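Residue numbers (my numbering): 752 to 1128.
Backbone N, C-alpha and C fix where the C-beta goes; we use that ideal spot for every residue, glycine too.
If you're wondering where the values come from, they're calculated on a predicted model, not measured in any experiment.
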Amino acid sequence: MSTFIERTFAQPLDPRRQVLKVAIKDLIDLAGLPTTAGSAAVAATAKPAAADAPCLAGIRAAEAKGDVVIVGKTGLHELAFGVTGINVWFGTPINPLDPARIPGGSSSGSAVAVATGEADVALGSDTGGSVRIPAACCGVAGLKTTFGRIPTAGVWPLAPSLDTVGPLARDVAGLRAAMALLEPGFGEGAVEPSPGVARVRLPAEPRIDAAIDAALHAAELSVDEATLRGWDAANDAAMVVLVAEAWASDRHLIGTGLGEDVDSRLQSGAGITAAQLSDARQVGEGWKAELRATIERFGPVAFPTLADDPPRLGDALRTTPARHTTPVNLAGFPAVCLPVPAPGGSGLPAGLQLVGLPGGEEGLLELAGRVEAAVAR
């Protein structure tokens, strides 16, 4: 069992009823079950959660009406502190597009569950790309929500000023359905999608860039070339904030038997000074202003989620797939990842990432839906 750490419902569903199968990442408290955070060290002493995390209230209400069934708690990269999805304790979820490649992390099990049809929608968390990266790796859709929009109480913390909860699904309609569970009333008002986007050129393989450009062209969007000069500085600052806060959140687990990669990554936060953290947060303020100004001028920012195909399992530790995602967390803006066809190469899809203004998830999903419909024609 690697996609799920705990299965809660496996019986066949009544085909006459439209019931949504929902999976929950195992760092979100589900009453009556322990929260392991994908870690043997945490699992060794974990007690059943006394209550659900507040973000599950809408799911429970739908469950009580018979509209939803929770199928289980999904696997993840240990402590949600990694982007490969490789987990030596509970097993690594198998990427259904190519078993030789990483499923992406940290919400690996959630992405695989929806990609294989074991769940219609799944909840993940995104601190530096942990919804968008596995979505891109497994060819599904994922939404990083605006920081603070979905409550994170009852969710195992990694970096609290960056942590968000968001859904994964096979398509944009699934993301809308999941958001309506996370935030009842979501999407009830009409929202016009932006007619244009800001196309930002980040380092990427030419065929991945070509896939992004082709998808935007197919959707008949107005595309303006834009430059985000603060991107690299924002990436560096985001990593300072992430590892410093992760050290504060999880340093009590040092010496309890963490995986080698997570242990070393966690300890890298120990040497970050208060001055360095303050400087990184200051960079973040300037970065938010730059990103906001670009979106307000041109529309949502568009670029690849991954610079290349998902890394092979044996190459995973030598890659940095979060470089196209982490700056978005520093800003706190919402972002959607959508699979689009990619030419040549492996035949795997590319992940188109669209970043909008805070609170703009409804419009962002409308825009993603327009692209999705265009590339399907």
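Residues in the same chain with beta-carbon distance under 6 Å from I775, minus the five sequence neighbours each way, listed in chain order, please. Start at 1 with the first residue of the sequence shown, and residue 775 comes out as number 24. The residues are L781, K824 and L874.
Tell me, to the nearest whole angstrom, how far the beta carbon of V916 is from that of S876; I am working on the premise that it is less than 8 Å. Position 165 of the sequence shown, counting from 1, holds the residue named residue 916. Position 125 of the sequence shown, counting from 1, holds the residue named residue 876. Confirmed, Cβ separation roughly 6 Å.
In chain order, what are the residue ranges of uninterrupted beta strand (DSSP E) at least 3 long that sit wholly in the region 1042–1072? Runs of the beta strand (DSSP E) inside the region 1042–1072: 1052–1055.
Through-space distance from P911 to E869, alpha-carbon basis: Position 118 of the sequence shown, counted from the first residue, corresponds to residue 869. Position 160 of the sequence shown, counted from the first residue, corresponds to residue 911. E869 and P911 have their C-alpha atoms spaced approximately 30 Å apart.
Proximity to A728 [Cα-Cα], best of I959, A851 and A813: Examination of residue 728 is not possible in this model, given that the chain is present from 752 through 1128 alone.
Which of helix, strand or coil DSSP assigns to R1121: Residue numbering aside, residue 1121 sits at position 370 when the sequence shown is read from its first letter. It is helical.
For a test of the three-state rule: what should DSSP assign to G785, helix, strand or coil? Taking the sequence shown and counting its residues from 1, one reaches residue 785 at position 34. A small fix is needed here, since residue 785 is Pro in this sequence, not Gly. Three-state DSSP puts P785 in a strand.
Counting along the chain, where does the beta strand (DSSP E) carrying E976 start and finish? Residue mapping note: residue 976 aligns to position 225 of the sequence shown, counting from 1. The continuous beta strand (DSSP E) containing E976 extends over residues S973 to A977.
For H968, count neighbouring Cβ atoms within 10 angstroms of its own Cβ and tell me buried if that reaches 16, exposed if not. The sequence position of residue 968 within the sequence shown is 217, counting from 1. By the neighbour-count definition (other C-beta atoms within 10 Å, threshold 16), H968 is an exposed residue.
Answer yes or no: does any C-beta atom of chain D fall closer than 8 Å to that of L1028? Of the protein chains in this structure there is only one, and it is not chain D.
When the Cα atoms are used, what is the spatial distance from F1049 to A931? Residue numbering aside, residue 1049 sits at position 298 when the sequence shown is read from its first letter. Residue numbering aside, residue 931 sits at position 180 when the sequence shown is read from its first letter. Whole-angstrom Cα-Cα distance: 28 Å.
Leaving out five residues on either side along the sequence, give the residues of the same chain with a beta carbon under 6 Å from the beta carbon of I821. As a working mapping, residue 821 is identified with position 70 in the sequence shown. Only T759 and V773 meet the Cβ criterion.
Which partner residues does G917 have in the DSSP bridge list? Within the sequence shown, residue 917 is the residue found at index 166, counting from 1. Paired residues: G875.
With which residues is F755 paired in a DSSP beta bridge? Sequence index remark: in the sequence shown, residue 755 carries index 4 (1-based). According to DSSP, F755 bridges with T825.
In whole angstroms, what separates the C-alpha of D983 from that of V1034? Against the sequence shown, residue 983 aligns to sequence position 232. Against the sequence shown, residue 1034 aligns to sequence position 283. V1034 has its alpha-carbon roughly 11 Å from the corresponding atom of D983.
Helix, strand or coil at Q1018 according to DSSP, with G and I counted as helix: Here residue 1018 corresponds to residue number 267 of the sequence shown, with the count starting at 1. It is helical.
Local conformation of K798 per DSSP, three classes: In the sequence shown, counting from the first residue as 1, residue 798 sits at position 47. Coil.
Among G809, V942, L972 and P1109, the one whose alpha carbon lies nearest that of R950: Translated into positions along the sequence shown, residue 950 becomes position 199. Ranking G809, V942, L972 and P1109 by Cα distance to R950 puts L972 first.
Excluding the 5 residues flanking D1059 on each side, which residues of the same chain have their C-beta closer than 8 Å to its C-beta? Along the sequence shown, read from residue 1 onward, the residue named residue 1059 stands at position 308. Hits under 8 Å: A955, E956 and I959.
Who are the near neighbours of T867 in its chain, counting only those whose CB is closer than 8 Å to its CB and skipping five residues on each side? Within the sequence shown, residue 867 is the residue found at index 116, counting from 1. Answer for T867: T754 and P847, listed in chain order.
Using DSSP with H/G/I as helix, E/B as strand and the rest coil, what is R950? The count along the sequence shown starts at 1 and reaches residue 950 at position 199. Here R950 sits in strand by DSSP.
In or out: D927 buried (at least 16 other Cβ within 10 Å) or exposed? Within the sequence shown, residue 927 is the residue found at index 176, counting from 1. According to the sequence provided, residue 927 is Arg. The question's Asp does not apply to it. By the 10 Å Cβ count, R927 comes out buried.
Relative to the C-alpha of R952, which residue among A962, E943, Q1018 and L784 is closest? Taking the sequence shown and counting its residues from 1, one reaches residue 952 at position 201. Selected option, being the one with the closest Cα: A962.
G1037 and G700 - do their beta-carbons sit closer together than 8 Å? Look at the range of the chain in this structure, 752 to 1128, and you will see that residue 700 is not part of it.
G893 in three-state terms, based on DSSP: Taking the sequence shown and counting its residues from 1, the one referred to as residue 893 is at position 142. G893 falls in the strand class under three-state DSSP.
Expressed to the nearest angstrom, what Euclidean distance is found between the alpha-carbon atoms of V1091 and R1121? Sequence index remark: in the sequence shown, residue 1091 carries index 340 (1-based). Sequence index remark: in the sequence shown, residue 1121 carries index 370 (1-based). Roughly 12 Å between the two C-alpha positions.
Looking only at DSSP bridge pairs, what is K772 linked to? Locating residue 772 in the sequence shown gives position 21, where the first residue counts as 1. Listed as beta-bridge partners of K772 by DSSP are V820.
Assigned secondary structure, P805 (DSSP; H/G/I helix, E/B strand, else coil): Mapped onto the sequence shown, residue 805 falls at position 54. Three-state DSSP puts P805 in a helix.
Limits of the alpha helix (DSSP H) - the one that P957 falls within: Taking the sequence shown and counting its residues from 1, one reaches residue 957 at position 206. DSSP places P957 inside the alpha helix (DSSP H), whose first and last residues are P957 to A969.
Could you work out which residue in P854, H1003 and V994 is closest to L1028 when comparing CA atoms only? Start at 1 with the first residue of the sequence shown, and residue 1028 comes out as number 277. Answer by Cα proximity: V994.
For A924, which option in L1004, L807 and V1087 has the closest C-alpha, if you only look at C-alpha atoms? In the sequence shown, residue 924 corresponds to position 173, counting from 1. Relative to A924, the option among L1004, L807 and V1087 whose CA is nearest is V1087.
Determine whether the beta carbon atoms of V819 and P844 lie at a separation below 8 Å. Numbered from 1 along the sequence shown, position 68 holds the residue referred to as residue 819. Numbered from 1 along the sequence shown, position 93 holds the residue referred to as residue 844. No, these two residues do not count as a Cβ contact at 8 Å.
Going by other Cβ atoms of all chains shown within 10 Å of its Cβ, with 16 needed for buried, is A920 buried or exposed? Stepping through the sequence shown from its first residue, residue 920 is reached at position 169. Under this definition A920 is a buried residue.
When we look at the beta-carbon of T1076 and count the other beta-carbons within 10 Å, is it buried (16 or more) or exposed? Residue 1076 sits at position 325 when you count from the first residue of the sequence shown. Buried, because 16 or more other Cβ atoms sit within 10 Å of the Cβ of T1076.
Does the contact criterion of 3 or more C-beta pairs under 8 Å hold for the region 932–951 versus the region 999–1009? Cβ pair count under 8 Å is below three, so no.
For G925, which three-state DSSP category applies? On the sequence shown, position 174 is the one that residue 925 refers to. In this structure, DSSP gives G925 a helical state, which the three-state scheme calls helix.
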